[in-house]
Amino acid sequence: MADTRVMDETAEYSLEEQEGYIKKLDANTYEIAKGFVPGMRVPGRFYVNDELRELMGDELRQYTSAKGVGGFVPALKQIANVAQLPGIVRYSFAMPDVHSGYGFPIGGVAAFDMDDPEAVVSPGGVGFDINCGVRVIRTNLREEDVRPIQEELAQALFNHIPVGVGSKGVIPMTMADLEEVLEMGLDWSLREGYAWPEDKEHCEEYGRLLAADPSKVSRRAKKRGLPQLGTLGAGNHYLEVQKVEEIYDVDGAAKMGIDAVGQIVVMVHSGSRGLGHQVATDALIEMEQAMRDDGIDVNDKQLSCARIGSQAGQDYLAAMACASNYAFVNRQSMTFLVRQAFASVFGKSPQELDMSLIYDVSHNIAKVEEHLVDGTPKTLLVHRKGSTRAFPPGHPMLPVDYTYIGQPILIGGSMGSASYILLGTQKGMDETFGSTCHGAGRRCSRSKARREVKYESVLDELAAKNVSIRVASPKLIAEECTSSYKDIDAVIETCHQKGIGRKAVKLTPICCIKG
Amino acid sequence: MTSLRVKLDALGYPEAESLHVDDDDGVRQLLIWLEATKIRRYSVEERSQLVDAPLDEAWRAYLAALDAPYPPDAGARAQALAWVVGVAISLEYADAVARGAIDAEADPGTEVVAMDEERPGAAVADDASLLADDAIVGAIRALAAALGMPAEGEPLDTLRAACHAVHRRFGASGAAASAAALDELTEAEAVELATNMEKTFPLGFDTGDPLVNRAAAILKLLYVHDLRELQTQINELIVAIQNVTADPKTNSKLGKVGR
């Protein structure tokens with residue numbers, strides 16, 4: 017998508033004047049006062065450590081000295097621009113892994129009041145990879161079972177699961193099947209036998225958004241999605257065999273079936289592939305017209321949106337639900353293939369290997385949820401873009417197994433770095449609509465990473481960490497190297513300190529499969 | 086009679102609807118059909134005695150050949166017949182498992198059969214004459230009433246249901262045993278146990294009264310326990326449906342690794 021931003025008036029202000037709007041509330045909480053950009057309805061709020069705060073300041077400095085011409089809109093401006101959208105409640109939030117995205121910052125959370133007729137839904141607040149998410153499958157294997165055959169295991173996974181740009185899935189699908197996938201989500205996988213009942217139980221939204229209406233998904237989107245079901249894709253998506261490196265919460269980990277350091281788990285990070293991207297693109301075009309019709313004015317053209325109750329808004333929500341269902345089935349299909357691969361390598365059934373799903377989270381989605389706003393229960397449309405839902409213990413939307421520990425929050429690291437499982441907290445529920453970070457977050461652009469990092473050195477670095485890697489296109493992995501991401505440990509620490517998620521388990525990679 | 090017809094229907098017996106236990110010819114036809122198509126205890130030559138010999142004689146010989154626990158007199162014919170049909174069904178089931186048409190481990194049906202053997206009711210079921218004893222039937226009804234279950238209906242069915250209820254309430258969960266253990270705790274130990282429970286299974290909100298909090302925490306624990314039970318039942322149901330609908334396929338020829 018071409019970067020077509022609109023000049024805003026504050027670009028004329030000096031850097032000092034702009035920084036004056038940003039207040040530090042405590043060690044890692046900042047507030048952006050109204051007025052930082054025109055028309056802010058609520059303040060902005062973000063949670064970052066000192067290093068990231070500096071990085072955000074640098075972005076703003078560059079942007080200001082270039083007078084807003086060229087380059088991207090800095091994350092600080094994007095947080096504030098979102099605060100200008102009609103119907104927004106309390107704050108425009110950004111999580112500790114925040115960075116600049118399309119319209120909304122990645123790591124952004126914004127909730128809109130469903131009872132406000134002016135309130136909007138915005139595809140930019142969901143992202144192009146609708147229901148991109150992470151799931152973790154546990155096993156009863158130990159590091160010593162896997163180490164001697166880690167290369168063989170990596171190859172078996174690479175052979176079982178198609179990866180990369182233009183990859184095609186191994187599950188036979190017709191267009192009629194796809195329509196059912198879009199409508200039924202994980203229930204389709206269950207019916208066809210690609211899922212265990214426990215998989216559905218341990219999936220955000222039980223793997224199915226009921227608002228889905230396949231007739232709202234364009235033919236083009238369906239055509240893109242049909243051959244890609246059950247493929248990992250490229251970009252930051254990956255499949256990793258990981259070992260438990262550290263357990264911070266013994267009880268919580270035990271409830272998730274993790275009982276020892278060295279236990280092996282499998283993490284799948286993927287989304288809705290071309291189908292989701294096309295749904296988002298189609299909606300952005302539709303909404304440009306809807307904005308003109310309804311007279312909605314925004315600071316940044318990338319913040320295309322439509323009133324939730326309007327035809328364009330309802331159509332997008334129905335199509336987005338379809339893309340979300342597709343993504344659930346996509347991750348489930350790969351789970352099926354992972355189980356097959358493990359069974360063939362270890363000569364035991366997936367049941368014998370205890371390959372149960374711990375949880376499946378979505379980090380690019382908009383959902384209707386109930387929240388307390390200033391003591392009053394409200395129905396909100398919560399946009400999370402590069403942000404994970406993080407519900408506290410006792411929340412009725414959680415599976416019964418996690419009632420006492422809170423929602424498992426699965427945070428995938430970048431290639432070669434650690435990953436984490438956090439647990440949801442009441443503080444997060446009260447403060448950020450039950451949301452927390454989603455990963456490390458980029459620190460430099462893909463093109464900059466490509467220019468500065470040689471892919472050979474990335475491979476060497478992974479080999480030095482004893483990680484077996486299989487990639488469809490080695491040249492692209494320079495974009496995904498650890499150094500082009502923020503330090504995941506620091507991001508997690510910020511969430512933990514802030515109390516919007518508490519650390520339960522740390523995971524490190526053994527095998528990594530990438531597009 | 087109805088349950089016998091249902092079973093015969095399931096076995097595919099064409100005359101299931103018209104069968105009557107007092108009809109000698111009908112019973113003979115059924116025995117011939119069961120032996121020829123399902124049970125196959127006799128050699129082909131031996132089967133002719135089911136056709137030629139007087140029914141009582143053939144019936145007696147056949148039950149003896151199957152080691153049936155019933156005296157083949159006319160009064161118990163219905164029970165004996167039900168037992169023979171049961172033999173045919175278990176053979177048919179074993180065949181289906183051997184063919185791979187049924188996954189014995191995943192099929193909840195096998196569990197029920199296995200449990201029957203262990204249950205005290207099974208012995209009574211084997212000796213039908215016991216159920217004719219009014220004292221025993223009366224005792225079964227009294228047991229059902231004590232468990233708060235309907236006491237009318239077939240005594241054998243009532244007894245089975247009662248066994249199940251007893252098993253659920255006082256069996257594996259050891260509820261009775263743990264209740265006894267709780268009685269023996271000192272007050273200090275009981276308070277410690279309750280405090281630990283509140284830590285491991287926190288209530289999540291505060292009513293302002295520690296005793297009410299504790300009671301609420303226990304209620305919540307019971308509720309979560311019931312919810313887990315319900316979810317398990319749902320999962321079992323899904324698995325049963327999957328046995329009919331699921332047929333996961335992959336075709337590696339369709340797969341393509343991207344660049």
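Residue numbers (this note's numbering), protein chains in the order written: chain A, 17 to 531; chain B, 86 to 344. No residue lacks a Cβ here, since even glycine has one placed at the ideal position from N, Cα and C.
- request: Would you mind reading off the limits of the beta strand (DSSP E) that contains M283 (chain A)?
  value: For M283 (chain A), the uninterrupted beta strand (DSSP E) segment begins and ends at Q279 to S286.
query: For C321 (chain A), does the three-state DSSP call read helix, strand or coil?
result: Of the three classes helix, strand and coil, the one that applies to C321 (chain A) here is coil, per DSSP.
Proximal residues, the segment 329-342 of chain B versus chain A, C-beta separation under 9 Å: The segment 329-342 of chain B vs chain A, Cβ under 9 Å: T330, A331, D332, P333, K334, T335, N336, S337, K338, L339, G340, K341 and V342.
message: Just to confirm the assignment, what range does the alpha helix (DSSP H) spanning H293 (chain A) have?
response: From DSSP, the alpha helix (DSSP H) with H293 (chain A) extends over R289 to D310.
query: Around the C-beta of P154 (chain B), are 16 or more other C-beta atoms found within 10 angstroms, so that it is buried, or is it exposed?
result: Around the CB of P154 (chain B), fewer than 16 other CB atoms lie within 10 Å, so the residue is classed as exposed.
- request: Count the CB pairs spanning the segment 474-491 of chain A and the segment 204-224 of chain A that are closer than 8 Å, and state whether there are at least three.
  value: Flag = no, the segment 474-491 of chain A and the segment 204-224 of chain A do not touch.
field: Inter-stretch contact at 8 Å, needing at least 3 Cβ pairs: the segment 370-382 of chain A / the segment 76-91 of chain A
entry: Segment contact: the segment 370-382 of chain A against the segment 76-91 of chain A, fewer than three CB-CB distances shorter than 8 Å; contact not assigned.
- request: Taking all protein chains shown into account, decide if L322 (chain B) is buried (16 or more other Cβ within 10 angstroms of its Cβ) or exposed.
  value: The residue is exposed, with fewer than 16 neighbouring Cβ atoms inside 10 Å.
- request: Could you work out which residues of chain A lie near V324 (chain B), taking near to mean beta carbons separated by less than 7 Å?
  value: Here the neighbours are P213.
- prompt: Which residues, in chain order, does the segment 274-301 of chain B contribute to contact with chain A at a C-beta distance below 9 Å?
  reply: Flagged, chain order: T285, F286, P287, L288, G289 and F290.
task: Kindly say whether I187 (chain A), judged by its beta-carbon, lies nearer than 8 Å to any beta-carbon of chain B.
output: Output row for I187 (chain A): interface = yes.
task: Using three-state DSSP, classify A257 (chain B) as helix, strand or coil.
output: For A257 (chain B), the predicted structure reports a pLDDT of 47, less than 50, and the residue's modelled location is therefore unreliable. A value from the coordinates is still provided. The answer is coil: DSSP assigns A257 (chain B) none of H, G, I, E or B.
query: For D141 (chain B), does the three-state DSSP call read helix, strand or coil?
result: It is helical.
query: Name the chain A residues that come within less than 7 Å of Q134 (chain B), Cβ to Cβ?
result: Result: empty, since nearest Cβ-Cβ is about 48 Å, beyond 7 Å.
query: Nearest to D316 (chain A) by CA position, among A:G36, A:Q100 and A:G73, is which residue?
result: Comparing Cα-Cα distances from D316 (chain A) to each of A:G36, A:Q100 and A:G73, the minimum goes to A:Q100.
task: Give a yes or no on whether the C-beta atoms belonging to I153 (chain A) and I529 (chain A) are separated by under 8 Å.
output: No.
message: Would you say E217 (chain A) lies against chain B (beta-carbon separation less than 8 Å)?
response: For E217 (chain A), the answer is yes, since a Cβ of chain B falls inside 8 Å of its Cβ.
task: Using a Cβ cut-off of 8 Å (strictly closer), state whether G444 (chain A) contacts chain B.
output: For G444 (chain A), the answer is no, since every Cβ of chain B falls outside 8 Å of its Cβ.
- prompt: Which bits of chain A does L312 (chain B) rub up against, with CB to CB less than 7 Å?
  reply: What L312 (chain B) touches in chain A: V416.
query: Can you tell which of A:M431, A:F407 and A:L438 has the C-alpha that lies nearest to the C-alpha of E496 (chain A)?
result: Closest by alpha carbon: A:M431.
Chain-ordered neighbours of F352 (chain A) on chain B, where CB pairs are closer than 9 Å: Ordered by position in chain B, the residues that pass the 9 Å Cβ test against F352 (chain A) are P333 and T335.
task: Mind listing the chain A neighbours of V309 (chain B)? Cutoff is C-beta to C-beta under 7 Å, in chain order.
output: Against chain A, the beta carbon of V309 (chain B) has neighbours under 7 Å at V416 and T419, listed in chain order.
task: Look at E385 (chain A) and P393 (chain A) and say whether their C-beta atoms are less than 8 Å apart.
output: No, Cβ-Cβ distance for E385 (chain A) and P393 (chain A) is not below 8 Å.
field: L115 (chain B) classed as buried or exposed, judged by whether at least 16 other C-beta atoms fall within 10 angstroms
entry: By the neighbour-count criterion, in which 16 or more other beta carbons inside 10 Å mark a residue as buried, L115 (chain B) falls on the buried side.
task: Could you tell me which of A:S108, A:P102, A:F52 and A:H115 sits nearest to V507 (chain A), measuring between CA atoms?
output: Checked all of A:S108, A:P102, A:F52 and A:H115; the closest Cα to V507 (chain A) is A:H115.
task: Determine the chain B residues that contact D184 (chain A) at a beta-carbon separation under 7 Å, and present them in chain order.
output: Before going further, note that residue 184 (chain A) is Lys rather than Asp in the sequence given. Chain-order list of chain B residues neighbouring K184 (chain A): L339, G340 and K341, by C-beta distance under 7 Å.
- prompt: Going by the CB atoms, is the gap between G340 (chain B) and V544 (chain A) shorter than 8 Å?
  reply: This structure cannot speak to residue 544 (chain A), because chain A is shown only from 17 to 531.
task: Quick one: list the residues of chain B neighbouring A456 (chain A), beta-carbon separation under 7 Å, in chain order.
output: Those do not exist, as A456 (chain A) stays about 24 Å from chain B at its closest Cβ, beyond 7 Å.
field: Contact with chain A by N320 (chain B), beta-carbon distance below 8 Å
entry: At a cut-off of 8 Å between beta-carbon atoms, N320 (chain B) makes contact with chain A.
query: In three-state DSSP terms, what is L270 (chain B)?
result: In this structure, L270 (chain B) counts as coil in the three-state DSSP scheme.
message: Once DSSP output is grouped into helix, strand and coil, what is the label at S108 (chain A)?
response: Of the three classes helix, strand and coil, the one that applies to S108 (chain A) here is strand, per DSSP.
query: Cα-Cα, which of A:I526, A:C527 and A:E509 is closest to K519 (chain A)?
result: It is A:E509 whose Cα lies nearest to the Cα of K519 (chain A).
- request: Decide if the segment 335-355 of chain A is in contact with the segment 140-150 of chain A; the criterion is three or more beta carbon pairs, one per stretch, under 8 Å apart.
  value: In short, these stretches touch, since the Cβ pair count reaches three.
- prompt: Closest by CA to I374 (chain A), which one among A:Y222, A:K502 and A:L206?
  reply: Here the closest residue by C-alpha is A:Y222.
field: Span separating the alpha-carbon of D94 (chain B) from that of L414 (chain A)
entry: Cα to Cα, D94 (chain B) sits roughly 45 Å from L414 (chain A).
- prompt: Around the C-beta of M200 (chain A), are 16 or more other C-beta atoms found within 10 angstroms, so that it is buried, or is it exposed?
  reply: Residue burial annotation: M200 (chain A) is buried, with at least 16 other C-beta atoms found within 10 angstroms of its C-beta.
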